[in-house]
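S.K.:
Protein chains: 2
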Amino acid sequence: MSEQVKSFIANNLPVVDAHLIHAIDNQDIVETLKKSMIYSLEAGGKRVRPMLLLAVLEEFGTPLEKGLDVACALEYIHTYSLIHDDLPAMDNDDLRRGKPTNHVVFGEATAILAGDALLTEAFRLIAASSDYSAEQKVELLQLLAESAGALGMVGGQLMDMEAEGKRVELEHLQTIHANKTGALLRFSILAGALLANADQRELQALTRYAEALGVLFQIQDDILDVTADSDQLGKTAGKDEAANKSTYPSLLTLEGALKERTQYHEQAIGALQTIEKADGLLKSFADYITFREN
Amino acid sequence: MSEQVKSFIANNLPVVDAHLIHAIDNQDIVETLKKSMIYSLEAGGKRVRPMLLLAVLEEFGTPLEKGLDVACALEYIHTYSLIHDDLPAMDNDDLRRGKPTNHVVFGEATAILAGDALLTEAFRLIAASSDYSAEQKVELLQLLAESAGALGMVGGQLMDMEAEGKRVELEHLQTIHANKTGALLRFSILAGALLANADQRELQALTRYAEALGVLFQIQDDILDVTADSDQLGKTAGKDEAANKSTYPSLLTLEGALKERTQYHEQAIGALQTIEKADGLLKSFADYITFREN
Chain A
3 MSEQVKSFIA NNLPVVDAHL IHAIDNQDIV ETLKKSMIYS LEAGGKRVRP
53 MLLLAVLEEF GTPLEKGLDV ACALEYIHTY SLIHDDLPAM DNDDLRRGKP
103 TNHVVFGEAT AILAGDALLT EAFRLIAASS DYSAEQKVEL LQLLAESAGA
153 LGMVGGQLMD MEAEGKRVEL EHLQTIHANK TGALLRFSIL AGALLANADQ
203 RELQALTRYA EALGVLFQIQ DDILDVTADS DQLGKTAGKD EAANKSTYPS
253 LLTLEGALKE RTQYHEQAIG ALQTIEKADG LLKSFADYIT FREN
Chain B
3 MSEQVKSFIA NNLPVVDAHL IHAIDNQDIV ETLKKSMIYS LEAGGKRVRP
53 MLLLAVLEEF GTPLEKGLDV ACALEYIHTY SLIHDDLPAM DNDDLRRGKP
103 TNHVVFGEAT AILAGDALLT EAFRLIAASS DYSAEQKVEL LQLLAESAGA
153 LGMVGGQLMD MEAEGKRVEL EHLQTIHANK TGALLRFSIL AGALLANADQ
203 RELQALTRYA EALGVLFQIQ DDILDVTADS DQLGKTAGKD EAANKSTYPS
253 LLTLEGALKE RTQYHEQAIG ALQTIEKADG LLKSFADYIT FREN
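Listed in order, the protein sequences are those of chains A and B.
Quick note, the first sequence lines up with residues 3 to 296 if you use the numbering used here.
Quick note, the second sequence lines up with residues 3 to 296 if you use the numbering used here.
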């Protein structure tokens with residue numbers, strides 16, 4: 003990780019983490035539900051999506067506080083999706099980031115409700131925010147719902163389930179990822195662009211950047227599953243192969259996946275080069291996502 | 003049911019039903035997910051919430067089309083809550099309105115995702131609607147999220163789970179219902195008031211009406227569980243007692259519950275009497291909800 007990304011995260015992650023928890027803790031929510039919501043939020047993680055959103059603001063010289071509510075909404079949605087994904091009926095995972103998953107600690111029923119509550123809270127937080135105009139809120143809420151719902155993340159999760167144990171074509175694999183993980187990553191960049199008042203040309207370039215980033219995120223995930231060990235990953239390595247899952251390495255060989263990674267990395271960097279002000283921090287973020295080791 | 007309510011429902015239910023399905027079917031959603039979402043929407047039901055919302059518009063002389071998107075959003079949220087409620091980890095119901103529940107037909111994983119997608123779609127539909135100003139959308143979205151989330155319906159579901167098999171005080175029972183079923187019913191009336199440009203005094207009266215209605219809805223549900231048979235209800239009668247659930251009749255006796263029903267009915271009607279234009283159809287709706295037979 004470059005020094006620039008490292009210090010950006012060091013400066014801003016604690017602010018996001020505090021806001022994430024505070025915005026829930028602050029409310030008069032029934033105890034068990036609140037605990038369950040906060041438990042999964044505190045499980046941490048890299049907060050890639052909030053950091054990307056704030057990085058766009060930073061590059062455009064927009065005060066980062068402006069992005070805080072949307073960044074948290076985004077993380078609520080990411081967190082709810084993990085809680086529901088981990089359920090016995092879905093991926094049946096007992097551990098996430100080294101901690102027992104939500105349903106292991108609170109039971110399945112509470113985990114389902116905590117997920118539902120976090121999803122709903124994401125929309126509430128933006129709608130109730132004092133940092134945006136009504137027009138901005140509507141644009142953000144619509145984009146977030148599109149990215150998170152049947153036409154985005156949830157749709158992608160269903161496609162992913164249906165592809166399980168099957169060998170799928172590369173094109174279909176890309177559609178799955180564009181929805182399952184790409185849509186929310188894309189939102190993080192586009193929400194940043196919206197709040198930073200990016201112009202049409204900048205928005206187009208950032209969209210290209212965001213889409214390449216989404217693919218890079220997945221390729222590197224797939225590569226790490228093959229090349230890293232469980233200690234390094236903080237989760238079980240080799241799971242994709244064990245589950246007979248179609249991945250970039252399984253469809254293209256490891257060498258082919260690395261080549262694909264290079265191409266998308268170039269595409270991400272290339273998109274940024276058309277925006278003068280955005281080829282510092284966002285470039286470093288592309289490097290970080292592409293070459294991260296866990 | 004009065005002739006007035008009967009003909010209002012006969013005229014407007016088909017319009018809501020068609021819009022509910024069309025707004026989903028219209029989108030390029032992955033096949034299984036779309037089928038699962040539509041399956042539960044088509045399971046029908048009385049569409050009490052959408053009908054109440056439209057009834058407010060009717061009383062205030064606002065064109066009913068104005069309420070269609072919000073009415074559907076409301077029904078999406080109600081439907082998602084039933085799908086998740088029926089899951090094995092929650093109420094474990096195999097039948098709903100005489101049809102196999104969503105997870106019985108599509109599997110648990112798809113049912114969870116269909117619920118998530120419907121919840122998200124509710125917010126998308128309002129945000130993307132061409133029928134409201136940005137300010138109206140924000141107000142509607144915030145109110146809907148508050149009503150549906152941790153401070154409303156989801157919170158109520160958790161309280162209800164925690165009260166299972168325990169004898170709770172009447173006051174606590176009322177808090178549970180005010181959240182679990184009351185919040186969304188309240189939203190249906192308040193959203194109607196908002197779209198009809200009700201003034202402050204009217205809004206207060208409608209809020210009192212809505213809150214009484216929420217209680218009435220639950221009292222009558224509890225009473226029917228004791229007094230009606232399964233055929234009449236279209237679901238298993240006597241379930242509350244079998245589950246040792248605290249209900250109005252179990253806490254107050256049947257006679258006490260009927261008395262309570264009369265009181266809240268008077269409160270609902272009384273609230274309407276302060277609004278000249280709203281004591282026809284809305285009064286009939288209060289009668290219908292109070293004295294319905296299933």
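All C-beta atoms, glycine included, are put in the ideal place defined by N, C-alpha and C.
CB-CB under 8 Å to A/R99, same chain, minus the five flanking residues each way: which ones, in chain order?
M.R.: By one-based count along the first sequence, residue 99 of chain A stands at place 97. Excluding positions up to five away in sequence, the list reads A45, G46, G47, G236 and K237.
S.K.: For A/P65, count neighbouring Cβ atoms within 10 angstroms of its own Cβ and tell me buried if that reaches 16, exposed if not.
M.R.: The residue you call residue 65 of chain A lines up with position 63 of the first sequence. The residue in question, A/P65, is exposed, as its Cβ has fewer than 16 Cβ neighbours within 10 Å.
S.K.: Using the C-alpha atoms, what's the distance from B/R49 back to B/G69?
M.R.: As a first step, residue 69 of chain B must be located in the second sequence, where it is residue number 67. As a first step, residue 49 of chain B must be located in the second sequence, where it is residue number 47. Taking the straight line from one Cα to the other gives about 14 Å.
S.K.: What residue ranges within the segment 164 to 208 of chain A form continuous alpha helix (DSSP H) runs of no fewer than 4 residues, ordered along the chain?
M.R.: Correct list: 172 to 179 and 185 to 197.
S.K.: Pull out every residue of the segment 10 to 32 of chain A whose Cβ sits closer than 9 Å to any Cβ of chain B, in chain order.
M.R.: Listed by position along the chain: I26, Q29, D30, I31 and V32.
S.K.: With 16 as the cutoff for other CB atoms within 10 Å, does A/K247 come out buried or exposed?
M.R.: In the first sequence, the residue the question calls residue 247 of chain A occupies position 245. Counting Cβ neighbours within 10 Å, A/K247 comes out buried, since at least 16 surround it.
S.K.: Roughly how many whole angstroms lie between the Cα atoms of B/Q265 and A/D95?
M.R.: Working through the second sequence from its first residue, we reach residue 265 of chain B at position 263. Working through the first sequence from its first residue, we reach residue 95 of chain A at position 93. About 50 Å.
S.K.: Does the beta carbon of A/H267 come closer than 8 Å to any beta carbon on chain B?
M.R.: Here residue 267 of chain A corresponds to residue number 265 of the first sequence, with the count starting at 1. Judged by the 8 Å Cβ criterion, A/H267 is not in contact with chain B.
S.K.: If we count Cβ pairs, one from each stretch, closer than 8 Å, do we get three or more for the segment 105 to 125 of chain A versus the segment 146 to 161 of chain B?
M.R.: Touching, per the Cβ criterion.
S.K.: One question on the structure: do B/G216 and B/G184 come within less than 8 Å of each other, judged by their Cβ atoms?
M.R.: For the purposes of this step, residue 216 of chain B is taken as residue 214 along the second sequence, with counting starting at 1. For the purposes of this step, residue 184 of chain B is taken as residue 182 along the second sequence, with counting starting at 1. Cβ atoms of B/G216 and B/G184: closer than 8 Å.
S.K.: Is there at least one Cβ from chain A nearer than 8 Å to B/G100's Cβ?
M.R.: As a first step, residue 100 of chain B is located in the second sequence; it is residue number 98 there, counting from the start. Not closer than 8 Å to any Cβ of chain A, the Cβ of B/G100 fails to qualify, so no.
S.K.: What does DSSP give as the partner residue(s) for A/R126 in the beta ladder?
M.R.: As a position in the first sequence, residue 126 of chain A is number 124, starting the count at 1. For A/R126, which the question treats as bridged, DSSP gives no partner whatsoever.
S.K.: Label A/D233 either buried or exposed according to how many other C-beta atoms from any shown protein chain fall within 10 Å of its C-beta, with 16 as the threshold for buried.
M.R.: Here residue 233 of chain A is taken as the residue at index 231 of the first sequence, counted from 1. Flag for A/D233 reads exposed.
S.K.: When you compare each of B/P251, B/V107 and B/L142 to B/K37 by their alpha carbons, which one comes out closest?
M.R.: One-based indexing of the second sequence puts residue 37 of chain B at position 35. Looking at the Cα atoms, B/V107 is the closest of the given residues.
S.K.: Put B/L153 into one of helix, strand or coil per three-state DSSP.
M.R.: Against the second sequence, residue 153 of chain B aligns to sequence position 151. If DSSP states are grouped into helix, strand and coil, B/L153 belongs with coil.
S.K.: At a CB-CB cut-off below 8 Å, which residues of chain A make contact with B/T112?
M.R.: The count along the second sequence starts at 1 and reaches residue 112 of chain B at position 110. What B/T112 touches in chain A: L160 and M163.
S.K.: So, for B/A195: in the same chain, excluding its five sequence neighbours on each side, which residues have a beta-carbon less than 7 Å away from its beta-carbon?
M.R.: Counted from its first residue, the second sequence places residue 195 of chain B at position 193. Around B/A195: V58, E204, L205 and L208.
S.K.: Here's a check: name, in chain order, each residue in its chain whose Cβ is nearer than 6 Å to the Cβ of B/D162, leaving out the five neighbours to either side.
M.R.: If you number the second sequence from 1, residue 162 of chain B lands on position 160. Here the set comprises I178 and K182.
S.K.: Please identify, using Cβ separations under 7 Å, the residues of the segment 126 to 139 of chain A that lie next to chain B, in order along the chain.
M.R.: Within the segment 126 to 139 of chain A, the qualifying residues are R126, A129, A130, A136, E137 and K139.
S.K.: As a quick exercise: from B/Q269, B/A230, B/L260 and B/E268, pick the residue whose alpha carbon is nearest that of B/N296.
M.R.: For the purposes of this step, residue 296 of chain B is identified with residue 294 of the second sequence, where counting begins at 1. Checking every option, the nearest Cα to that of B/N296 belongs to B/A230.
S.K.: Shortest alpha-carbon distance to A/E67 belongs to which of A/E110, A/I26, A/N13 and A/Y78?
M.R.: Translated into positions along the first sequence, residue 67 of chain A becomes position 65. When each option's Cα is compared against that of A/E67, the closest is A/N13.
S.K.: DSSP three-state call for A/P102: helix, strand or coil?
M.R.: The residue you call residue 102 of chain A lines up with position 100 of the first sequence. It is a strand residue.
S.K.: Spell out the partners DSSP gives B/L97 in its beta bridges.
M.R.: Indexing the second sequence from 1 puts residue 97 of chain B at position 95. According to DSSP, which records beta bridges pairwise, B/L97 is partnered with B/P102.
S.K.: Relative to the alpha-carbon of A/D27, which residue among A/Y41, A/L15 and A/P16 has its alpha-carbon at the smallest distance?
M.R.: Along the first sequence, read from residue 1 onward, the residue named residue 27 of chain A stands at position 25. For the residues A/Y41, A/L15 and A/P16, the minimum Cα distance to A/D27 belongs to A/Y41.
S.K.: Taking C-alpha atoms, which residue in A/T255, A/L160 and A/K168 lies nearest to B/I31?
M.R.: Here the question's residue 31 of chain B lines up with position 29 in the second sequence. B/I31 has its Cα closest to that of A/L160, out of A/T255, A/L160 and A/K168.
S.K.: With A/Y211 and A/L274 assumed to form a contact (beta carbons below 8 Å), what rounded beta-carbon distance in angstroms separates them?
M.R.: Within the first sequence, residue 211 of chain A is the residue found at index 209, counting from 1. Within the first sequence, residue 274 of chain A is the residue found at index 272, counting from 1. Right, their Cβ atoms sit about 6 Å apart.
S.K.: Measure from the C-beta of B/E123 to each C-beta in chain A and report whether the shortest distance is under 8 Å.
M.R.: As a working mapping, residue 123 of chain B is identified with position 121 in the second sequence. With 8 Å as the cut-off, B/E123 counts as an interface residue toward chain A.
S.K.: Do A/A193 and A/L142 have their C-beta atoms within less than 8 Å of each other?
M.R.: As a working note, residue 193 of chain A is residue 191 in the first sequence. As a working note, residue 142 of chain A is residue 140 in the first sequence. It is a contact, given that the beta carbons lie within the stated cut-off.
S.K.: Just checking: is the beta-carbon of B/H86 within a distance shorter than 8 Å of some beta-carbon in chain A?
M.R.: The residue you call residue 86 of chain B lines up with position 84 of the second sequence. It does; some Cβ of chain A falls within 8 Å.
S.K.: Taking all protein chains shown into account, do 16 or more other C-beta atoms lie within 10 angstroms of the C-beta of A/P251, making it buried, or fewer, making it exposed?
M.R.: Here residue 251 of chain A corresponds to residue number 249 of the first sequence, with the count starting at 1. Answer is buried; the Cβ neighbour count reaches 16.
S.K.: Are any of the Cβ atoms in chain B nearer than 8 Å to that of A/Q1?
M.R.: Chain A is shown only over 3 to 296; residue 1 of chain A falls outside these bounds and no answer can be derived.
S.K.: Please confirm whether B/L35 has its beta-carbon closer than 8 Å to some beta-carbon of chain A.
M.R.: In the second sequence, counting from the first residue as 1, residue 35 of chain B sits at position 33. Output row for B/L35: interface = yes.
S.K.: For a contact defined as C-beta to C-beta under 7 Å, what are the partners of A/E148 on chain B?
M.R.: Taking the first residue of the first sequence as position 1, residue 148 of chain A is located at position 146. Within chain B, the residues near A/E148 are R126.
S.K.: Going by C-alpha to C-alpha distance, which of B/L197, B/E110 and B/L22 sits closest to B/I79?
M.R.: To locate residue 79 of chain B, count along the second sequence from 1; it is residue 77. For B/I79, the nearest C-alpha among the options comes from B/L22.
S.K.: Return the CA-CA distance between B/A288 and B/I271, expressed in angstroms with no decimal places.
M.R.: Position 286 of the second sequence holds residue 288 of chain B. Position 269 of the second sequence holds residue 271 of chain B. The straight-line gap from Cα to Cα measures roughly 7 Å.
S.K.: By Cβ distance, which residues of its chain are closer than 8 Å to A/V2, with the 5 residues on each side in sequence left out?
M.R.: Residue 2 of chain A cannot be examined here, being either before or after the span of chain A that is shown, 3 to 296.
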